[in-house]
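In the numbering used here, the protein residues as written are 15 to 365.
No residue lacks a Cβ here, since even glycine has one placed at the ideal position from N, Cα and C.
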Ligand SMILES: CC(C)(COP(=O)(O)OP(=O)(O)OC[C@H]1O[C@@H](n2cnc3c(N)ncnc32)[C@H](O)[C@@H]1OP(=O)(O)O)[C@@H](O)C(=O)NCCC(=O)NCCS
């Protein structure tokens with residue numbers, strides 16, 4: 015399985031006609047479909063864990079994550095979700111279509127879902143994906159005509175059936191996201207910082223400034239856009255976010271005032287440790303704002319996290335990086351002792 019390499023443009027493949035209306039057509043498995051509701055959260059959590067164990071066993075969806083989705087102001091389960099049941103009542107498929115607000119750089123609809131491992135190869139995923147593409151097209155129809163409109167779906171490379179299905183329905187693999195891990199029993203380098211920069215632990219008082227730094231630094235990150243306050247608050251208030259393992263770089267500007275110029279924000283999901291085979295933390299977000307790059311700030315922030323994670327008694331640190339990051343993030347992590355493990359593929363189609 016290979017993504018296109020040497021991509022000349024960041025824009026995904028354009029298509030004008032999406033498959034819709036396939037629900038109700040003759041199908042091999044008589045699946046009964048309905049939208050999900052909040053009452054389904056526990057069933058969906060068990061279902062996504064089962065799908066996850068088959069497709070991406072090292073990072074399973076948490077119950078809090080599913081509940082969070084149902085609490086998002088822009089997710090309307092009645093229109094944006096579909097779950098399917100076999101005749102015996104078994105939950106066999108789940109699909110959601112999420113279109114985050116703040117469509118400043120681009121409008122996105124993100125497809126999430128899966129089919130029960132015992133019910134694959136029967137056309138159920140195809141039917142579900144066709145519905146998701148149609149729903150995404152409806153969501154994106156409300157975007158300003160001036161911004162690009164992207165449908166996005168991600169899958170682990172090992173889950174080859176997902177990638178095959180995305181391709182069949184007209185999506186294209188645009189990007190690899192490389193998972194990396196770093197053992198903590200190996201030396202952690204001391205990084206010298208310029209005199210006008212200091213590294214501190216994340217605090218609630220600096221949360222808003224960190225959010226601004228995140229939005230500013232991720233402008234050149236593929237498929238990214240500003241995070242809404244809602245999404246940011248969910249992230250920093252979630253049970254897995256670890257402020258004590260997250261760091262901010264404060265830089266002093268020419269006017270003598272300090273501001274957040276960089277960050278490493280980390281989570282710990284103990285549920286994943288059994289499948290991973292080690293205890294670990296995950297660095298979810300790393301960024302340094304323009305004007306402060308190339309001063310080893312990201313290295314220093316990562317080193318601070320690695321040290322804190324080791325002091326915590328954890329064995330490894332993981333993260334995921336766009337393998338074609340225009341700002342050199344992959345080199346940064348390789349230089350800090352991270353090594354590649356699995357890959358995630360990003361599939362896109364532009365409307
Ligand atoms: C990636 C990013 C965090 C780097 O921050 P930074 O503070 O400039 O990085 P550092 O100065 O610590 O650089 C450390 C190493 O990274 C690598 N690196 C950094 N920028 C690079 C670039 N543009 N091209 C190639 N390698 C680069 C180099 O190996 C560098 O080591 P060197 O200075 O000894 O050559 C920053 O550019 C950024 O915020 N990018 C946008 C957001 C993003 O992509 N985050 C990562 C998401 S996974």
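Confirm the yes/no value for this check: CB of residue i, any heavy atom of ligand 1, distance under 7 Å.
i           : result
residue 103 : no
residue 300 : yes
residue 311 : yes
residue 339 : yes
residue 276 : yes
residue 267 : no
residue 336 : yes
residue 225 : no
residue 289 : no
residue 235 : yes
Does residue i come out as helix, strand or coil in the three-state DSSP assignment?
i           : result
residue 60  : helix
residue 164 : strand
residue 117 : coil
residue 9   : Nothing about residue 9 can be reported from this structure: the residues present for the chain run from 15 to 365 only.
residue 170 : strand
residue 123 : strand
residue 195 : strand
residue 296 : strand
residue 206 : coil
residue 86  : coil
residue 346 : helix
residue 134 : coil
residue 155 : coil
residue 363 : strand
residue 353 : strand
residue 47  : strand
residue 280 : strand
residue 105 : strand
residue 325 : helix
residue 100 : coil
If you draw a straight line from the C-alpha of residue i to the C-alpha of residue j, how long is it?
i           : j           : result
residue 134 : residue 106 : 9 Å
residue 223 : residue 313 : 20 Å
residue 349 : residue 343 : 10 Å
residue 7   : residue 84  : This structure gives no information on residue 7, because the portion of the chain shown stretches from 15 to 365.
residue 158 : residue 46  : 35 Å
residue 347 : residue 283 : 21 Å
residue 268 : residue 304 : 15 Å
residue 103 : residue 88  : 29 Å
residue 273 : residue 298 : 21 Å
residue 71  : residue 218 : 32 Å
residue 147 : residue 335 : 26 Å
residue 256 : residue 288 : 20 Å
residue 258 : residue 293 : 17 Å
residue 110 : residue 328 : 34 Å
residue 204 : residue 296 : 21 Å
Leaving out five residues before and five after residue i in sequence, what residues of the same chain have Cβ atoms less than 6 Å from its Cβ?
i           : result
residue 358 : 168, 170, 191
residue 77  : 59
residue 248 : 82
residue 207 : 314
residue 150 : 111, 123, 165
Within a Cβ cutoff of 7 Å, which residues of the same chain sit near residue i, ignoring the five residues on either side of it in sequence?
i           : result
residue 355 : 193, 194, 195
residue 91  : 49, 50, 51, 84
residue 377 : It is not possible to answer for residue 377, since the shown part of the chain is limited to 15 through 365.
residue 240 : 116, 118, 229
Problem - At least 3 beta-carbon pairs within less than 8 Å: the stretch 227-244 vs the stretch 174-183 - result: no
Handout entry: the stretch 299-310 contacting the stretch 90-101, beta-carbon criterion three pairs below 8 Å
Key = no
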